[in-house]
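Let me begin by presenting the structure, written as structure tokens, before commenting on it.
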Amino acid sequence: MASAEPDLDPLEWSREELYSKLSKELMHRWQNKEFEELAFTVPEEHENELKETLHIEILKRAKVFVPKILVKEDPLDIVAHVQAAQMS
1 MASAEPDLDP LEWSREELYS KLSKELMHRW QNKEFEELAF TVPEEHENEL
51 KETLHIEILK RAKVFVPKIL VKEDPLDIVA HVQAAQMS
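Residue numbering for the sequence shown follows UniProt numbering, beginning at 1 and increasing consecutively.
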């Protein structure tokens, strides 16, 4: 069975799909007035890819992009990273 995109690495495809779904979900939530501003944490090497995938209305509300992987961090530590990024 031939793949629709044979040259695309499965890990890259997964990230593209994730970012696309994230953009759609955030757009839906923004339209429902669930937030006014956003902060993103994303590995530095993937930041541009994420920005290219996000809807322009979501990008307008993105106040900071923290170039770190914070998945295993305590929520208060994540807030501290976001605040530090806003100050720089």
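We treat Cβ as the ideally placed atom computed from N, Cα and C, and that holds for glycine.
Beta-bridge partners of residue i, as assigned by DSSP
{"i": "A62", "result": "L38"}
Beta-carbon proximity list for residue i, same chain, < 7 Å, skipping 5 on both sides
{"i": "M27", "result": "H55, E57 and I58"}
{"i": "L70", "result": "T41, I78 and H81"}
Coil, strand or helix - residue i by DSSP
{"i": "D77", "result": "helix"}
{"i": "I56", "result": "helix"}
{"i": "N48", "result": "helix"}
{"i": "K33", "result": "coil"}
{"i": "L70", "result": "coil"}
{"i": "S20", "result": "helix"}
Residues near residue i by beta carbon distance below 8 Å, same chain, minus five either side
{"i": "R15", "result": "H46 and E49"}
Rounded straight-line distance, which links the Cα of residue j to that of residue i
{"i": "residue 140", "j": "S88", "result": "Examination of residue 140 is not possible in this model, given that the chain is present from 1 through 88 alone."}
Neighbourhood of residue i by C-beta, 6 Å cutoff - its chain only, sequence neighbours within 5 removed
{"i": "A85", "result": "V64 and V66"}
Q.
If contact is defined by three or more beta carbon pairs under 8 Å, each pair taking one atom from either stretch, is the stretch 76-85 in contact with the stretch 44-52?
A. no
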